[in-house]
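Here the structure is laid out as structure tokens; the discussion comes afterwards.
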Amino acid sequence: MLRGIGLTKHFPASAGFALGGAHRWVKALDGVSVQVAEGETLGIVGESGSGKTTLAKVFLLLERPTAGSLLFDGKDVQTFGRADFARYRRSVQAVFQDPYSSLNPRMRVEQIVAEPLGPGNGVSRASVRERVADVLHLVGLRRDSAALYPHEFSGGQRQRIAIARALVTYPKFIILDEPVSALDVSIRAQILNLLKHLQEKLGLAYIMISHDLAAARYLATRLAVMYCGKLVETGDCEAVYSEPLHPYTEALLSAALPLHPSAQRKRIVLTGEVPNPTNPPAGCRFHPRCPKAMPHCQSQEPEWREVRPGRFTACHL
Amino acid sequence: MPSSPLLVVEDLKTYFFTRRGITKAVDGVSFTLDAGETLALVGESGSGKSVTCLSLVRLVPEPAGRIVGGRVLLEGQDLLQKSLAEMRRVRGKQIAMVLQDPMTSLNPALTIGTQVGEVVRLHQGLRGTGLRERVLEALRRLRISAADTRLGQYPHQFSGGMRQRVSSAIALSCAPRLLIADEPTTSLDVTIQAQYLELLKEVQASAGVAVILVTHDFGIVAANADRVAVMYAGKIVEMGSTLQVFDSPSHPYTRALMRCLPDVGLRREQLVEIGGQPPDLAQLPPGCPFAPRCPERQPICEQAYPPAVTVESGHVASCWVAASAAVGRG
Amino acid sequence: MRARSRDLPWFPGAVLAALVLAAVFAPLLAPQSPTAGDITAKLIPPIWMEGGSSEHPLGTDRFGRDVLSRIIYGSRISLLVSLIAIGVAGTFGTLLGLISGYRGGFTDVFLMRVTDIALSLPIILIAVVMVAVSEPTFQNVVLVIALLLWPRFARQIRGETLAVKEQDFVALAVVAGRSSVWIISRHIFPNVVPTLLVVSTLQVGYVILLEGTLSFLGVGVPPPSPAWGLMIADGRGFLATAWWISLFPGLAMLLTVLAVNLMGDWLRDHLDPKLRQLGGRAVVLASADGVPVGHGVQEAPAQGAVASD
């Protein structure tokens, strides 16, 4: 069970080494609490500036939160010792968006895939090689691909290699950051199906970050919608899609276009720009663009409440 | 009331001559476009949709690329026969383009006012206050607020969506008859994309501009296009009105694409994959280029390229399977 | 690198090959000794001039030493100084650049300030001071040159490190639990090597010129070494009368530096595009280069691969 409570991450807005400390902060994440249990898929959707990528980095321990805590099986990451970190790394892996930048062009596939197996594991070279071959087979590549270099593979195949690497330690959680956005449309289905199949076969849990609401709907069991560093709505995936509770979720869903001319949702077109996390609007961060904004939305931040069983949102409505 | 179409493309062929061989990026593409209509060109990378657009305005990168055949008739005149000077007058004035990446479409060193003004001055010969008025008008039409302040600003001060609107303002500033939009929203956020597409529809309706919309996103096609042409390996494999193609996709590729896309409107149980890889345009097999991956292929598919079959009025597909189905219908 | 034959750097390659051969086989190639001069045979002009002789094809200097032989042996000095100075400076500068670029933050700022200071050192002054403090020796020359060279390496490599660091595979290596040392040595360094190669090659020309200058000024390799710079200095007083003493070593230097720079340019042109493809998708109108391997895609979990309406 992976759980983030009140995760907050502020970046100093001026780059470089400022002797007086930064005065402006990019509030990439502000008090985000999400959790994933084994076997489920949490879809995190949002647009640029929503903080979803930062959230992924916090979960991957690539960024340390300014505030809030990350719990793994109940234990706070800040109290981790060396062995705990090692265990975390083996249990939580990642697949990123760009299949071309995810693989070191100067390493063979075998070395790339075996990387998370780390040194000092006491594992022999032969068994490493076997594990790599097994995992390559799992993702639908030939076992002898291990001897080749990344440039001999297409985009979709490279993403399979990246997935193989994420699987090699038999993790419990995989963070997928836009796993199919950079792939050709006809290849996306292959990879999405693969991910689904692997989840069923290996009992994996996914945190899937996406701006593609259609892909998220296919894989996710639960959904979390983010806007400008904050969580705006969470709940069961189907429930959110069929009955969005927050005006932003509504607008987001209406902007995502279904695949038939007559199946168009009611179009809600937002005015204004995606907000700047350095200077988020006061009160409810969505109020400048919200078609249902009320006077007190710009002064008071709405509370995070359970509006229906299992469904949370923060809105004055 | 039938009127002659704005654009008629006949058997357009654009090949690239490289060390590895001849890449047939566009191989016999034909379509028509009426004034004010929106035609979507759908396909994946390598399908030839972008090269088709470049061919229409004769901006195919030379010397490797060359238009080797066909005609492009804009209001009756063959663009491929025009001189370079004449083409320069056509570009911007009669045909305008909006490209995918708003970051690189605009010159970071020039103000917005200069960039929009450049086009207006070139094609309409305006100067001074007349020029300024036109520029402001162009910006306002794309709902760019506080246009007069914006004139003096630089591209980096704009967000991605705004930049795309500025690019579009430049494109539309001289009231072209045809706008080619090559993946205009691919790099934009979803809600900004919605904004932009709405705006485009409005502007198109009021200005009577025909649009060729290039995209790989069927959702955009469903929402914005009147007609759609599906491309694969440099050819149009299916074409018809949006409703026709979505209701009865008649080419196995179109059908396969629709089955493999996740739909935001409903939860799919299974995405049906298209096996194999996109084709190598320098080494196309004989017959139908989709045959190696086609779940419905017949022996004849690998021997000869299928004819265009009329499935219903205004809806054609190039497929042997569709051909036999049509015969079956009598 | 799939280079066609007309793309290959024939001219610089030939010159550099000649240089290396001259350096290695100097005792076999040089007609005379480079240091022992016959004072009675001084100031003999080159062979094609009146008074020239076939024993000294390029003439002799004021000590009667054969110019050609000295040039051939001088190539050793140029080569050795370049290799050692670049080796030392390159290693140190690369290490610094890698650490600075990867660690970032205060380490980066501090190291870069040090680099800035090093870049502002006046070379001639340093060399002169060194000579004043100790004897001019081969080692000192190499040291001084290395001292001036390492900041260039540090800067370049730091820049490349920053670029490579942005690649996803670096972040994924962290996620895989690997240490910084492992990441720098297995991920960053191998991808920085092409730049290193280009920078090193382009520095050779600079080093040779530097060594020549220092020797010319008398603060470099000490006489009677046949360093080209020294030879030019020797001939200074005879430019009108025995111009061959300075000219030929000067030409040798020019040719070598030119060849090295051309080679460096060629390397940069042929290595850099690959470098830029590191993370960016190479835009290809046809799809993959050749047939992608991994036909096992057909082995993929077969649910849904067979379509049926």
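Chains as they are written, first to last, in this note's numbering: chain A, 139 to 455; chain B, 1351 to 1680; chain C, 433 to 741.
C-beta: ideal position from N, C-alpha, C; glycine also.
Note that the structure is predicted; figures quoted are calculated from it, not measured.
Exposure of C:L553, with buried meaning 16 or more beta-carbon neighbours within 10 Å: Counting the other CB atoms within 10 Å of its CB gives C:L553 a total below 16, which places it among the exposed residues.
Contacts of A:D322 in chain B (Cβ-Cβ under 7 Å): The contacting residues are E1394, S1395 and P1628.
First and last residue of the uninterrupted beta strand (DSSP E) at A:M346: Residues A343 to S348.
Which of helix, strand or coil DSSP assigns to C:A720: For C:A720, the pLDDT reaches just 30, beneath the cut-off of 50, and the residue's location in the model is therefore unreliable, although a value from the coordinates is still provided. If DSSP states are grouped into helix, strand and coil, C:A720 belongs with coil.
CB of A:F424 within 7 Å of CB of A:Y379, strictly: Using a Cβ distance threshold of 7 Å, A:F424 and A:Y379 do not count as a contacting pair.
Endpoints, the beta strand (DSSP E) within which B:E1623 is located: From DSSP, B:E1623 is part of no beta strand (DSSP E); its letter is neither H nor E.
Chain C within 7 Å of A:D236, Cβ atoms only: Yes, its Cβ sits closer than 7 Å to a Cβ of chain C.
A:G206 and A:L140 closer than 7 Å at C-beta: With contacts defined as CB atoms closer than 7 Å, A:G206 and A:L140 fail to qualify as a contacting pair.
Which listed residue (B:V1661, B:V1485, B:C1524 and B:V1614) has its alpha carbon closest to that of B:H1473: Taking B:H1473 as reference, the option from B:V1661, B:V1485, B:C1524 and B:V1614 with the minimal CA-CA separation is B:C1524.
A:R456 - partner residues in DSSP beta bridges: Because chain A in this structure spans residues 139 to 455, residue 456 of chain A falls outside the shown range and cannot be described.
Cutoff 7 Å: A:P203 Cβ touching any chain C Cβ: Interface criterion not met: the Cβ of A:P203 is under 7 Å from no Cβ in chain C.
Helix, strand or coil at B:R1647 [DSSP, three-state]: In this structure, DSSP gives B:R1647 a state outside helix and strand, which the three-state scheme calls coil.
Residue from C:R508, C:S465 and C:G445 with nearest C-alpha to C:V456: Out of C:R508, C:S465 and C:G445, C:R508 has the C-alpha closest to the C-alpha of C:V456.
CB of C:L530 within 7 Å of CB of C:I616, strictly: Pairing C:L530 with C:I616 gives a Cβ-Cβ distance under 7 Å.
Interface residues of the stretch 404-422 of chain A facing chain C [CB-CB below 8 Å]: So nothing in the stretch comes that close.
A:P150 in three-state terms, based on DSSP: Secondary structure at A:P150: strand, using DSSP grouped into helix, strand and coil.
Secondary structure of B:F1366, DSSP reduced to three states: Looking at B:F1366 - three-state DSSP - the assignment turns out to be strand.
Reduced DSSP category for A:A232 - H, G, I as helix; E, B as strand; rest coil: Look at A:A232 here: in three-state DSSP terms it is strand.
Where A:S240 meets chain C, residues with beta-carbon distance less than 7 Å: At a beta-carbon threshold of 7 Å, the residues of chain C lying near A:S240 are D600, F601 and L604, ordered along the chain.
Cβ-based burial, A:S240 [other Cβ within 10 Å; buried from 16]: Burial check for A:S240: the Cβ neighbour count within 10 Å reaches 16 or more, so the residue is buried.
Rounded separation between C:S514 and C:S465 - CA only: If I take the Cα positions, the gap works out to 23 Å.
Members of the stretch 207-228 of chain A that neighbour chain C once the beta carbon cut-off is set at 8 Å: The residues in question are F223, A224, R227 and R228.
Residues of its chain near B:P1687, where Cβ-Cβ distance is below 6 Å and the 5 sequence neighbours each way are ignored: Because chain B spans 1351 through 1680 in this model, residue 1687 of chain B falls outside it and cannot be assessed.
Contacting residues, own chain, Cβ-Cβ under 6 Å from C:I664 (five flanking each side not counted): Cβ neighbours of C:I664 beyond the five flanking positions: F648, S678, P681 and G682.
Nearest-angstrom Cα separation, counted from B:A1575 out to B:G1386: One C-alpha to the other measures close to 11 Å.
Close-in-space but distant-in-sequence residues of the same chain around B:S1668 (CB under 8 Å, 5 per side omitted): Once the five neighbours on either side are set aside, the close Cβ partners of B:S1668 are K1585, I1586, V1587, E1588, H1601, C1638, Y1655, P1656, P1657, A1658 and V1659.
CA nearest to the CA of A:C435, picked from A:T416, A:A452, A:R443 and A:E444: Minimum Cα distance to A:C435 is reached at A:A452.
Of the residues A:R228, A:A358, A:L455 and A:W442, the one placed nearest A:L199, counting alpha carbons only: It is A:R228 whose Cα lies nearest to the Cα of A:L199.
Residue ranges of each beta strand (DSSP E) within the stretch 1403-1461 of chain B, 3 or longer: Runs of beta strand (DSSP E) with 3 or more residues, each lying fully within the stretch 1403-1461 of chain B, are found at 1415-1424 and 1445-1448, listed in chain order.
Secondary structure, alpha helix (DSSP H): runs of 4+ residues fully inside the stretch 621-661 of chain C: For the stretch 621-661 of chain C, whole alpha helix (DSSP H) runs of length 4 or above, ordered along the chain, are 621-648.
Proximal chain A residues relative to B:C1644, where beta-carbon distance stays under 9 Å: Against chain A, the beta carbon of B:C1644 has no neighbour under 9 Å; the closest one sits roughly 12 Å away.
Bridge partner(s) assigned by DSSP for B:M1512: Paired residues: none, contrary to the question.
Any chain B beta carbon closer than 7 Å to A:L395: It does; some Cβ of chain B falls within 7 Å.
Neighbourhood of C:P675 by C-beta distance below 8 Å, restricted to the same chain and skipping five residues each side: In the sequence on display, residue 675 of chain C carries Trp and not Pro. Closer than 8 Å at Cβ, skipping near neighbours: G667.
Straight-line Cα distance separating A:V323 from B:I1494: Taking the straight line from one Cα to the other gives about 33 Å.
Below-7 Å beta-carbon distance, A:G142 vs any chain C residue: So no, A:G142 is outside the interface.
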